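I have placed the structure first, in the form of structure tokens, so that the comments after it can refer back to it.
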Amino acid sequence: MSEISEKVKLLREHGYRYYARRDLYVNSEVKKVFSLEWIEDNSIDQLRASLLEQNSSGDWLFYFNAGDPSPYVRQTLISEFA
């Protein structure tokens with residue numbers, strides 16, 4: 187199994203669904219979003235650690251290579267999958 191396949195399997199096991207329109211993996215229950223680019227560029231161990239990281243903020247967490255999206259992009263994305 188390729189590394190990306192292992193990562194996708196791990197994401198699915200943690201309740202993430204692929205949002206093809208934006209190349210994102212989203213879990214609305216835990217309010218976390220991973221970009222495909224971030225997933226590809228980070229190790230499976232980093233992905234695993236990020237999946238296990240608690241989100242006690244009550245707000246959405248975005249794992250993007252460029253950091254947090256702008257407020258406009260953030261709100262647009264949240265409205266699409268919230």
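Here this note's numbering runs 186 ahead of the position in the sequence shown, where the first position is 1. Idealized CB from N, CA, C, for every residue including glycine. Please read these numbers as outputs of a predicted model, since none were measured by experiment.
Which two residues bound the contiguous beta strand (DSSP E) that contains residue i?
i, result
"Arg203", "Arg203 to Tyr205"
"Ser221", "Lys218 to Ser221"
Measuring only the C-alpha atoms, how far is residue i from residue j?
i, j, result
"Ser242", "Phe248", "14 Å"
"Arg207", "Val259", "14 Å"
"Glu215", "Gln240", "12 Å"
"Trp224", "Asn251", "5 Å"
"Tyr202", "Ser256", "23 Å"
Name the two residues that bound the continuous alpha helix (DSSP H) containing residue i.
i, result
"Phe267", "Pro257 to Phe267"
"Ala252", "Segment: none, Ala252 is in no alpha helix (DSSP H) and carries neither H nor E."
"Glu239", "Run containing Glu239: none; DSSP gives neither H nor E here."
"Glu199", "Glu189 to Glu199"
According to DSSP, which residues form a beta bridge with residue i?
i, result
"Leu210", "Tyr205 and Ser221"
Could you check if residue i belongs to the surroundings of the ligand ATP, using beta carbon to heavy atom distance under 8 Å?
i, result
"Leu237", "Absence of the ligand ATP is noted for the structure shown, with no ligands found whatsoever."
Check this for me: beta carbons of residue i and residue j, under 9 Å apart or not?
i, j, result
"Gly244", "Lys217", "yes"
"Val194", "Tyr204", "yes"
"Ser221", "Leu233", "no"
"Leu197", "Leu237", "yes"
Three or more C-beta pairs under 8 Å: does that hold for the segment 228 to 242 against the segment 259 to 266?
no
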